[in-house]
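J.: My structure is below; once you've seen it, I'll send some questions.
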Amino acid sequence: MSDLDQLQRDLLAAIGSADLAGLEDIRVSALGKSGSVTGLLKTLGGMSPEERQTTGPRIHALREAVSEALTGRKAGLEREALDARLAGETLDMTLPVDVPAAGTVHPVSQVMDELAQIFADLGFAVATGPEIEDDWHNFTALNIPESHPARAMHDTFYFPDQPDGERKMLLRTHTSPVQIRTMVNQQPPIRIIAPGRTYRSDSDATHTPMFHQVEGLVIDKGITLGHLKWTLETFLKAYFERDDIVLRLRPSYFPFTEPSAEVDVGYTIQNGKRVIGGSDHWMEVLGSGMVHPKVIAACGLDPDEWQGFAFGCGIDRLAMLKYGMDDLRAFFDGDIRWLKHYGFTALDVPTLSGGVGA
Amino acid sequence: MKFTLNWLKEHLDTQASLDDIVEALTRVGLEVEGVDNPGEKLAAFKVARVLTAERHPQADKLQVLTVDTGDGAPLQVVCGAPNARAGLVGVLGLPGAIVPANGMELKVSAIRGVESNGMMCSTRELELGDDHDGIIELPADAPVGTTFPDYAGLNDPVIDVSITPNRQDCMGVRGIARDLAAAGLGTLKPLAQVYRYPTPVRPELVEGRGELRASTGSARTEVPEVTGEGPGPDVRTDDSAGCPAFYGQEVRGVTNGAAPEWMRRFLTAIGQKPISVLVDITNFVSVDLGRPLHVYDKAKLSGGLVARRAKAGEQVLALNGKTYTLDETMTVIADDVAVHDIGGIMGGEHSGVSETTTDVVIECAYFDPDHIARTGQKLGLTSDARQRFERGVDPAFLDDGLAIATKLVLDHCGGTASEITRAGEPPLTLRTIGYDPSRAETLGGLAVAPERQKDILERLGFSVDGDWQVTIPTWRRDIDGSADLVEEVIRIEGIDKVQPVPLDRAPGVARPTATPEQKLERKLRRAAAARGLDEAVTWSFLSQAEADAFGGGAWSLANPISEDLKVMRPSLLPGLLSAAARNLNRGAGSVRLFELGRRYLAEAERPTLGVVLAGDRRPRGWQGGKAQGFDAFDAKAEALALLAAAGAPVDNLQVMGDAGETWHPGQSGTLRLGPKTVLAAFGMLHPSTAKAFDLDGPVAAVELYMDAIPGKRSSGFMRPAYAPPALQAVKRDFAFTVPAGLTADALTRAVRGSDKAAITAARVFDLFERDGVKSMAIEVTLQPSDKSFTDADLKAVADKVVAAAEKLGATLRG
């Protein structure tokens, strides 16, 4: 049946050279209701079983071949058309785009979050108190009576006398009044840290009239200087994420602690920068001591029953020691270049599992 | 407080090295701030004798000297000093020495063709004085070949320690020596030995420990008083509160010349300029023993001296050249005519001693620490005397102090002493503390054997009886309880011996500690940073003008550090605006700053979040064309996004006007929960507000009032069951022409309210105004519940929507 072969050759040749519209015509003329191939298929019904057995497969094969050719040619043509269109859509992919500027978290906030995270693991809550304080919470209750020389050392900012003449209001010179407020309002055992803004009338390269401090307070039974030392060591190791933190306690004086100690941390010099760890050199980082019995009593607690320790530390300074800023004044300038350089991303949330530093 | 090593050794018999002493000082709580050896830089300068002096062959003004340096052949040195001559003993700098005054290193050199092997120096070149008229001339018997610092006693390191306010006793070298002796660095010499009394004065007294005769309450002295002739000076105290005791002794016929070499050397080393022997004696005793004194020129007094309260308005010209106006709370020393001393703080100019002084009254008084502190604070006057009196000088040391002062005057100025006048009595009540030595361990964290504790306390001057009743030495006003004794024991035993002890730890994972407010703050901070805002920390205080631009502040400092930092901020925006202006002036294109902090209102400090958007929202670009500034809707978007992050019910918030005068009247608003609770203000700032901060362009801002945001209702972690609607929502659009004053919010609310069951959302998607007609198009979302809407249902809802809009004056566009 060479006419079948011939038909297949003709149809395939026509498909191979047709465009999309031509293809549809060919499909109709071959496979449509009255198409040539359809017509051949209709002849199958009138054939003898023997004839059908030999001719049937050939006709079906013809239909398959034509159908496949049509699909393949169509896909090829469509692909060519798409390629042509896309070629015309080429853009310069080196053009700049607007990436929304990433925001930043200020180092002081970041360090406060780090402190909260570390101390939460040691069972410390975060306490707060007013920055506009009265004389009693800032000084008197902390065993600094009016004529005490330590008051003069605090360079206090005062507000004009209140009309009631009762309380002298001032800007807190340290976060220690939060100790008082906590002990007055809460029954021991107490473990808190109190970070926040503090103020002293002082201004040079290392002092600004506003700065940040964190206070720590533990009141319980049987607390000793040994617990203080452990807490500070544990805190600093976690904060700097180093095991070679070495502390040196020096006897000192704060009216609200007795005994009192200043705490130096050891550091080494690497590439001209101070790196915390080791004990080549010492720098003062903390003031601390056992809470003075008079302070405990001033808060309405029995100093024979309760004792504990307190410490205070500059947060700005902690940030500088860890992240390397060298000018305190820049902390409060709001220069976006500085903020982008020293700031942290929104997702730098301190965690114990990931390490508190970022 | 400065002193030299040799000065310390006057009181402390020790073999310890300088390094050991410095280390021990810091260890016991006397922090060493610095050690300076002035002799070090002069180590290469030697005492040398000029043997011959000849004219320089090439220069009239120069001489060629041969100089004996004490070893080897004489050196040839060229010198230009007019006083250089054979026989002169002076100071020679050898090659390699660095001249302190100019940092020049001496070298063998040829001066006008003649070799010079060093330089004969002037006092100015060695920074020992101002004289540059000639080279130094030493006494003829000065030992040639000795290094100059050794000869001149300059090899005496100056130690600077920081004395904490509780340690008055260490405001004197003797107190420091006592601490060091207690720390095992040597033995405290008896006071009589220190002041060169013929030994033994009082053989029963050892280690210079002052004790008290409790029976009489009077001080037991360590040195004998000077027994004088004739009646003591007429001194008395009429102010027993401010000046409980006023002791005086007169010395007649003195010569007020220069102080002895050793005294001048000590004073010079610590930076005090020698003035005259009488003045120097008072300064020396003040530093040596922490005992301030005053010496009056008797010829300049009219009548006796009395310690009394000043009269209001009374004035005195003090020794610092300033006139102080006094009030009736202040204690002064006055004669019949005038005030001569602000008691315990500073002497007066008029009765001070001079080189013509022949008769003096020496004052050794006890002033009450609190009085001194208050007077000093009021007058803003600090002095070495005030520092010591306000910390509390030893009330048992008046007799010794006066005896030593009079002895020094007699030794170095001659004259004859009068008898002593003792007016009033110093407060000599002995104080005792019952002490439990186990406290060293239970408070201090260091177990120290009781015998060792007793030894430490006794070395410090305490006395301890068999029942651990501890008597406090009169010079330790700071000690008043067990905790103080623990500190004494621990600091001498060594605070570094305290071993770390872990705090108890609650079982299990650490429990959360943050309060809802703290969690809110953290969320907002990180949400703001995630939205591209940079967190600033700005001053809590502003200038008056900045505060006034925001309605003024409730709190103004009485003593601001500057007028720029005076008023506590009533808003977070001023600080951010100033920061924005600084950034734009530095060339920043776009500024998006935020701050989380407090506003300081009359009644409370309120936690607040401020946002300032200035400059370009988007820079010019190939896509967007011209640069775009921020507008009020950017501010609104920030406000809503941050409120959403804070968990506020943003869908229920109402936008209202009344943001206030600092804002653009037509482009600002507040976000409220109900009519009263304002959660935030947002919009464009009023141009005059921006201008007050030197911002020229438009500025958008947000202020978010964190304490107004309702807290999350605590209902555990379980969320409500998930139940999405079974049927899909349908959207229908409506376009209205509306009255010019109708707001989008009013229209969408009315539309939403027209069929609350079916309509779940209504949103403006198009807005235009043409020929005075405002047109608003609204997309309405309809949510079928159990069965799909029929055409009739949809028609009914549409009719309700149109009717609701018409009530507001809107008409459906055809």
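Note that the protein sequences, when read in sequence, are chains L and B. For the first sequence, the working numbering gives the first residue as 285, with consecutive numbering after it. For the second sequence, the working numbering gives the first residue as 10, with consecutive numbering after it. Just so it is clear, CB atoms sit at the ideal spot from N, CA and C, and this is done for glycine as well. Quantities reported herein were computed from a predicted structural model and do not represent experimental measurements.
1) Given that a residue counts as buried once 16 or more other Cβ atoms are within 10 Å of its Cβ, and exposed if not, what is residue 549(B)?
2) Under 7 angstroms Cβ-Cβ, which residues of chain L neighbour residue 495(B)?
3) What's the C-alpha gap between residue 600(L) and residue 516(L)?
4) Since I believe residue 579(B) is in contact with residue 608(B) (beta carbons under 8 angstroms), could you give me their beta-carbon distance rounded to a whole number of angstroms?
5) Any beta-carbon of chain B closer than 7 angstroms to the one on residue 405(L)?
6) Determine the chain L residues that contact residue 824(B) at a beta-carbon separation under 7 angstroms, and present them in chain order.
7) Spatial neighbours of residue 214(B) within its chain, please: C-beta separation below 7 angstroms, excluding the five flanking residues on both sides.
8) For residue 620(L), count neighbouring Cβ atoms within 10 angstroms of its own Cβ and tell me buried if that reaches 16, exposed if not.
9) Can you pull the chain B residues whose beta carbon is under 9 angstroms from the beta carbon of residue 630(L), in chain order?
10) Rounded to the nearest angstrom, what separates residue 235(B) and residue 34(B) at their Cα positions?
11) Three or more C-beta pairs closer than 8 angstroms, one from the region 53 to 67 of chain B and one from the region 150 to 164 of chain B: is that the case here?
12) Name, please, each residue of chain L whose Cβ falls closer than 8 angstroms to the Cβ of residue 499(B).
13) Tell me whether the region 521 to 531 of chain L and the region 545 to 562 of chain L touch, counting them as touching only if at least three CB pairs, one residue from each stretch, are closer than 8 angstroms.
14) Does DSSP put residue 52(B) in a helix, a strand or coil?
15) Could you tell me whether the region 252 to 265 of chain B touches the region 133 to 148 of chain B, using the rule of 3 or more Cβ pairs below 8 angstroms?
16) Per DSSP, what kind of secondary structure is residue 271(B) in: helix, strand or coil?
17) Let me know if residue 345(L) comes out buried or exposed under the rule of 16 or more other beta-carbons within 10 Å of its beta-carbon.
18) If I measure Cβ to Cβ from residue 453(L) and keep anything under 8 angstroms in the same chain, skipping five residues before and after, which residues do I get?
19) In the structure shown, what three-state DSSP assignment does residue 790(B) receive?
20) Please report how far the alpha carbon of residue 461(L) lies from the alpha carbon of residue 423(L), in whole angstroms.
21) Quick check on the burial criterion: 16 or more other C-beta atoms within 10 angstroms. Buried or exposed for residue 496(B)?
22) Taking the beta strand (DSSP E) that residue 373(B) belongs to, which residues open and close that run?
23) Under 7 angstroms, Cβ to Cβ, is there at least one residue of chain L near residue 852(B)?
24) Would residue 299(L) pass as a contact of residue 353(L) if the rule is Cβ separation under 7 angstroms?
25) Consult DSSP for residue 330(L) and reduce its assignment to one of helix, strand or coil.
26) Less than 8 angstroms between C-beta atoms, sequence neighbours within five positions excluded: which residues of the same chain meet that for residue 312(B)?
27) Take residue 543(L) and list the residues in its own chain whose beta-carbon comes closer than 8 angstroms to its own, dropping the five residues that flank it on each side.
28) Whole alpha helix (DSSP H) runs in the region 427 to 486 of chain L with 4 or more residues, listed along the chain?
29) Closer than 8 angstroms is the cut-off here; do at least three beta carbon pairs connect the region 33 to 47 of chain B with the region 66 to 74 of chain B?
30) Spell out whether any CB of chain L is found under 7 angstroms from the CB atom of residue 504(B).
31) Could you spell out the range, first to last residue, of the alpha helix (DSSP H) harbouring residue 467(B)?
32) Contact defined as beta carbons within less than 8 angstroms: I believe residue 616(L) pairs with residue 579(L). What is the distance between those atoms, to the nearest angstrom?
33) Tell me which residues of the region 369 to 396 of chain B have at least one Cβ-Cβ distance to chain L shorter than 9 angstroms, keeping chain order.
34) Which of helix, strand or coil does DSSP assign to residue 339(B)?
35) Please decide whether residue 442(L) counts as near chain B, where near means a Cβ-Cβ distance under 7 angstroms.
36) Which term fits residue 523(L), buried or exposed, when burial requires 16 or more other beta carbons within 10 angstroms of its beta carbon?
T.: Well, looking at it:
1) buried
2) 543
3) 17 angstroms
4) 6 angstroms
5) Interface with chain B (7 angstroms Cβ-Cβ cutoff): residue 405(L) is included.
6) One cannot answer for residue 824(B) here, as it falls past the ends of chain B, which runs 10 to 823.
7) Any answer about residue 214(B) is weak, because its pLDDT of 45 lies below 50 and its placement is not dependable; what the coordinates show is given next. Only residues of its own chain outside the window of five on either side were considered, and among them 199, 231 have a CB closer than 7 angstroms to the CB of residue 214(B), listed in chain order.
8) It counts as buried.
9) 534, 535, 536, 537, 538, 539, 540
10) 35 angstroms
11) A contact exists between the region 53 to 67 of chain B and the region 150 to 164 of chain B.
12) 509, 535, 543
13) With a cut-off of 8 angstroms, the region 545 to 562 of chain L and the region 521 to 531 of chain L count as touching, because enough Cβ pairs lie within range.
14) Reduced to three states, the DSSP call for residue 52(B) is coil.
15) no
16) helix
17) exposed
18) Within the same chain, residue 453(L) has close Cβ partners 416, 417, 418, 419, 442, 443, 446.
19) strand
20) 8 angstroms
21) Counting Cβ neighbours within 10 Å, residue 496(B) comes out buried, since at least 16 surround it.
22) Per DSSP, residue 373(B) is one residue of the beta strand (DSSP E) stretching across 368 to 375.
23) Lying outside 10 to 823, the shown extent of chain B, residue 852(B) is not represented and no answer is given.
24) yes
25) helix
26) 243, 344, 345, 346
27) 509, 535, 573, 574
28) 433 to 437, 461 to 469
29) no
30) yes
31) 459 to 468
32) Contact doesn't hold; Cβ gap of about 31 angstroms is too wide.
33) 378, 379, 380, 381, 382, 383, 385, 386, 391, 396
34) coil
35) For residue 442(L), the nearest CB of chain B lies under 7 angstroms from its own CB, placing it at the interface with that chain.
36) Burial call: buried.
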